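Residue numbers (my numbering), protein chains in the order written: chain A, 1 to 293; chain B, 294 to 870.
Worksheet: one structure, shown below.
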C-alpha cells in the first residue's frame with residue numbers, strides 16, 4: 001500500500017515537471033470554470049432545470065442514442081470528424097446547445113438520409129423523449145443555447161405594432177434568402193433557404209439562435225428575443241392573412257406571373273382566336289351544305 | 294322590311310328602325326356614310342393567326358381604361374409619409390407617397406385592386422401578344438415588300454411597350470420596383486466614362502433620389518402612351534393601305550383579298566374578340582395575384598428579397614446579366630464594367646437593330662424586290678423558320694437563366710450548375726435547333742411534293758391476288774394541290790463573275806460574292822415544287838398503275854367497294870344475297 005502511494009506520488013512529481021504539466025493545469029482550470037459557468041447557466045435556464053438524477057438519466061439515454069444514430073458522422077464524443085482533406089465530415093457538436101439538437105431532430109433534418117449540399121426537412125426519426133434525451137446529452141457537452149420557453153415564441157397575443165415591427169425585421173434580415181413571402185430561395189452550390197410556411201414558432205426561434213446549416217446566427221445582441229418573437233408574429237400573421245389578390249401562384253414573384261400570363265393568357269386567347277375565326281358567317285355555311293347535297 | 298298586306302287589312306309601313314334613324318340623322322350632318330363607305334366594305338381574310346395582333350390591340354385598350362382609373366388615385370411622389378390605411382401589417386411604417394397611394398388603391402378604393410391587377414395582367418399580355426404577333430409575321434414572310442416599314446413600326450412598338458412596362462413596374466415604389474431601378478441605375482452607370490454623370494442626371498443625384506418616380510410617371514402616362522397611340526394608328530393605317538395579307542388558295546392572288554367585309558362580319562368578330570380579351574383579363578385580375586406590393590413592403594435600399602425578378606419581358610436582359618462572367622477592365626483609373634455593359638447595353642441594342650433590319654437583310658440576300666401579299670408557309674422558307682426557331686431557343690434559355698434561382702428552388706437544382714450550363718447552352722443549343730428546324734422544314738417540303746406527285750396516304754390497305762399488301766395513295770383535290778403549289782420557285786443568286794475579260798474585278802465584287810454565298814446558304818437546300826413535266830409523268834404513272842390493277846380487281850367484297858377511284862356515296866354497303 002505504502003509502496004503504491006509512493007509510486008503514485010513519485011509518478012505525479014515526475015509529471016509535475018513535465019512540459020505538458022502547465023497546459024494540462026490550464027485546461028483543467030478552464031474546464032472547471034466552464035463547468036461552473038455551465039452549472040450557473042443551467043441553474044438560471046428553466047429549460048434545463050430538472051433535478052440532477054433525471055438529468056443524468058436523460059444524458060445517459062441520450063448518449064446511447066447518440067452513439068447509435070449520430071456518432072458515425074459527429075464522432076463518438078460529438079467531437080466531429082475531420083476528413084483527410086481537412087473538411088468537416090460531421091461538425092463538432094460541443095457547445096451547439098439543446099436548441100440546435102431540438103431543431104435538427106424535430107424537423108427531421110438529422111439524421112441525414114444521405115450526404116448532400118444540405119440536410120432536408122423530412123419526417124422526424126426520434127420521439128419527443130428521445131429528442132429530449134439527445135438534447136440533454138449534447139447540452140451536457142458544453143454551454144449553448146437552450147430550447148426556448150413557450151413565451152419566447154408564443155405569438156397568440158401579438159399586437160399589431162409587434163407584427164409591423166416584425167415585418168420590418170423580416171424584410172431587412174430574412175427576405176434576402178427566404179423570399180418576401182417566406183417561400184424560400186436558392187443559395188450557391190445546391191444549398192437553399194427553406195420555405196418558412198408552416199414552420200412552428202419554436203423551430204423559427206431555434207433556427208435564429210442556432211443558425212442551422214447556411215443560416216447565420218442571430219444572437220440576442222443582433223436581434224433581441226422580443227425582435228425574434230416579432231418576426232415569428234409577422235410570419236404567423238402572414239399565414240393567416242388571406243390572399244387579397246386571389247391565387248398566389250406560388251408567391252415566387254414575377255417569374256411565375258410571367259408563366260401564367262403566357263400559358264393562361266396568351267394560350268387561352270389564342271384558343272379563343274381559333275374559335276372566333278372558325279365561326280364563319282352564317283350565310284356561307286348554308287350555301288356549302290346546299291352545294292354538298 | 295317592305296310594307297305588308299294580307300288583303301284584309303290596309304297596308305302599313307313598319308315603324309322606322311330607331312338606330313337607322315339616328316344613323317341617318319348623323320349621316321345627313323356629318324357625311325359619315327360617304328366617307329366610310331369604302332372602309333365599311335373593306336375585306337379582311339380569316340385565319341386564327343391574324344388574331345394575335347388583335348390581342349395586343351385590345352390589351353392596349355384595356356390598359357388605357359384601367360390606367361385612367363388608377364391615375365385618379367395614384368400619387369407620383371417620393372415624399373415620405375406614414376401609412377395609416379387598412380393594411381394592418383404596414384401600419385405606422387414610413388414610406389413614399391407613391392407606395393402609400395398604391396396601397397390605398399389596393400385596399401381602400403373600391404375595385405382598386407382588381408383594376409391594378411387587370412392593368413398589370415393586361416400589360417403582360419400586351420407585350421406577349423406583340424411578340425407572338427411579330428413571330429407570326431416573321432414566320433409567314435408578312436414583313437416583305439411593301440410592309441417593311443410596318444415591320445419597323447411594330448418593332449418600335451414592342452420596344453416602347455417594354456419601356457412602358459418597365460416604367461409601370463417601377464412606379465409603385467415597392468421593394469421590387471426599387472430593386473429594378475437599382476439595376477437600371479447599374480446599367481446606366483456601366484456606360485464607359487459618362488455612366489455616373491448619366492445616372493446622376495437621371496435620378497437627380499445619387500440613387501434613389503427623389504425625382505425618379507415623378508419622371509417615370511410622366512413617361513408612363515403621357516410620353517410613351519402618346520407615342521404608342523400614334524404608332525398604333527400608323528400601324529393600322531398602313532395595314533388598311535396595304536390590305537391584309539392572306540394565305541394562298543384557289544381564288545386568292547397577289548391582287549385581291551378574299552375574306553369578310555368589315556361590316557358586319559369582321560367588326561362583329563373583332564368587337565366580340567375585344568370582349569373575350571377583356572373577359573380573360575378581368576378573370577385573371579380577379580382571380581390571380583400579380584405584384585402583391587403589400588407583401589414586398591416599401592422600397593428600402595438596405596433590403597432585397599430572394600426571387601427579385603423583372604416582369605417576363607425583361608427576363609432575357611436579366612438572364613444575360615446573371616450568366617455574364619464578371620469581366621472588368623481597369624484603365625487610366627476608369628473601370629470598364631464589361632460584365633454589365635455588354636449584356637445590359639450592347640446586347641439589347643444589337644438585338645433591336647437586328648430585328649429592325651431583318652427585312653432589309655433578307656431582301657438583300659434573296660434579291661426579292663417584288664410585292665408580296667400572299668403569305669409563305671413557314672416550311673417554304675426553311676432558313677428563316679430555322680433562324681426564328683434558334684432565336685426562340687436563345688430567348689427561352691436566357692429567360693430561364695433570368696429565373697435561375699426560382700428554377701433551383703422549385704426543381705431542387707444547383708444554382709451554379711444552371712448558370713454554368715446556360716453559359717454554354719446559349720452558344721450550343723440554338724445552332725442545333727437551327728439545324729433541326731431546317732431539316733424538319735425540308736422534310737415537310739418533301740412530304741408536300743410527295744403528296745402532289747403521288748397523292749396522299751388514304752389509309753386503305755389493299756390486298757392483291759398474290760397476297761401482297763399495298764396502301765392506296767389517292768390524288769389530292771385540285772384546291773389542295775393549287776394551295777400547295779401557290780409559291781414561287783427560289784432562285785439561288787449566282788453572283789457576277791469576279792473579273793471581266795481584261796482581269797478587272799467588277800465594282801463591289803466582294804459584297805456581291807458575299808451575297809451569292811448567303812443566297813446559297815439560304816436557298817440551296819430548299820425543295821422546289823414539282824415542275825409541270827414531273828406532274829405529267831407522275832400522273833401518267835398513276836394511270837398505268839390503275840390500268841394494271843383494274844383487271845385484277847374482281848367484284849369487291851361487301852364493305853370493300855371503296856378503291857379510291859370511284860365515289861361510293863350511292864353504294865349500298867349492306868350484305869345482300
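For glycine and all other residues, C-beta sits at the position ideal for the given N, C-alpha and C.
Given the structure is predicted, the values throughout are model-derived calculations rather than measurements.
Contact under 8 Å by Cβ, residue 740/B with residue 766/B | no
Quick one: residues in its chain with C-beta nearer than 6 Å to the C-beta of residue 630/B, no 5 flanking neighbours on either side, listed in chain order?
-> 483 and 621
Locate the alpha helix (DSSP H) running through residue 101/A, then write down its first and last residues.
-> 97 to 106
Terminal residues of the continuous beta strand (DSSP E) containing residue 535/B?
-> First-last for residue 535/B: 517 to 535, but that is the alpha helix (DSSP H), not the beta strand (DSSP E).
Please report how far the alpha carbon of residue 245/A lies from the alpha carbon of residue 768/B, in whole angstroms.
-> 58 Å
Round the Cβ separation of residue 102/A and residue 147/A to the nearest angstrom and send it over; I've been treating them as touching at under 8 Å.
-> 5 Å
For residue 26/A, does the three-state DSSP call read helix, strand or coil?
-> helix
How many whole angstroms separate the CB atoms of residue 667/B and residue 545/B, which I take to be in contact at a CB cut-off of 8 Å?
-> 7 Å
Are residue 786/B and residue 809/B closer than 8 Å when you measure CB to CB?
-> yes
Neighbourhood of residue 831/B by C-beta distance below 7 Å, restricted to the same chain and skipping five residues each side | 746 and 747
Buried/exposed call for residue 752/B, threshold 16 Cβ in 10 Å = exposed
By the 10 Å Cβ neighbour count, where 16 or more other Cβ atoms means buried, how is residue 426/B classified, buried or exposed?
-> buried
Starting from residue 709/B, follow the beta strand (DSSP E) in both directions and report where the run begins and ends.
-> Counting along the chain, residue 709/B falls outside any beta strand (DSSP E), though it belongs to the alpha helix (DSSP H) covering 708 to 747.
With a cut-off of 8 Å on the beta carbons, I'd call residue 371/B and residue 399/B a contact; round off their distance for me.
-> Wrong, their Cβ atoms sit about 19 Å apart, outside the cutoff.
Where does residue 767/B fall in DSSP's three states?
-> strand
For the candidate residues 337/B, 356/B and 459/B, whose alpha-carbon lies nearest to that of residue 512/B?
-> 459/B
Same chain, Cβ closer than 6 Å to residue 554/B, five either side skipped, listed in chain order | 334 and 336
Below-8 Å beta-carbon distance, residue 164/A vs any chain B residue | yes
How many angstroms separate the CA atom of residue 315/B from the CA atom of residue 349/B?
-> 32 Å
Interfacial residues, the region 416 to 434 of chain B to chain A, with Cβ spacing under 7 Å | 417, 418, 421, 422 and 425
Taking residue 74/A as the reference, which of 91/A, 255/A and 117/A has the closest Cα?
-> 91/A
Taking 8 Å as the cut-off, decide whether the C-beta atoms of residue 300/A and residue 573/B are in contact.
-> Any answer about residue 300/A is impossible in this case: the structure gives chain A only from 1 up to 293.
Taking all protein chains shown into account, decide if residue 612/B is buried (16 or more other Cβ within 10 angstroms of its Cβ) or exposed.
-> buried
Buried or exposed: residue 129/A, going by 16 or more other Cβ atoms within 10 Å of its Cβ?
-> exposed
Which residues in the same chain as residue 387/B place their Cβ atom closer than 7 Å to its Cβ, once the five residues preceding and following it in sequence are excluded?
-> 373 and 375
Can you give the Cα-Cα distance for residue 568/B and residue 355/B, rounded to whole angstroms?
-> 10 Å
Is the CB of residue 307/B under 8 Å away from at least one CB in chain A?
-> no
Assign residue 310/B to one of two classes, buried (16 or more other C-beta atoms within 10 Å of its C-beta) or exposed (fewer than that).
-> exposed
Under the three-state DSSP convention, the category residue 594/B falls into | coil
Close beta carbons around residue 50/A, own chain, < 7 Å, minus the five adjacent residues each side = Note that residue 50/A scores 48 on pLDDT, short of 50, meaning its location in the model is unreliable; the coordinates nonetheless yield the value given after this. Once the five neighbours on either side are set aside, residue 50/A has no close Cβ partner at all.
Could you name the residues of the same chain whose beta carbon sits closer than 7 Å to that of residue 326/B, not counting the 5 residues immediately before and after it, in chain order?
-> 320
Under 6 Å Cβ to Cβ from residue 718/B, same chain only, skipping five residues before and after it: list those, please.
-> 690
For a contact meaning CB atoms closer than 8 Å, what does residue 493/B contact in chain A?
-> Neighbours of residue 493/B on chain A: none; closest Cβ ~27 Å, over 8 Å.
Enumerated in chain order, which unbroken segments of the alpha helix (DSSP H) with a length of 4 residues or greater are wholly contained in the region 178 to 246 of chain A?
-> 201 to 210 and 225 to 240
Kindly list the residues whose CB is nearer than 7 Å to the CB of residue 133/A, restricted to its own chain and excluding five residues on each side of it in sequence; keep chain order.
-> 58, 61, 62 and 65
Out of 117/A, 223/A, 262/A and 83/A, state which residue places its alpha-carbon closest to the alpha-carbon of residue 152/A.
-> 223/A
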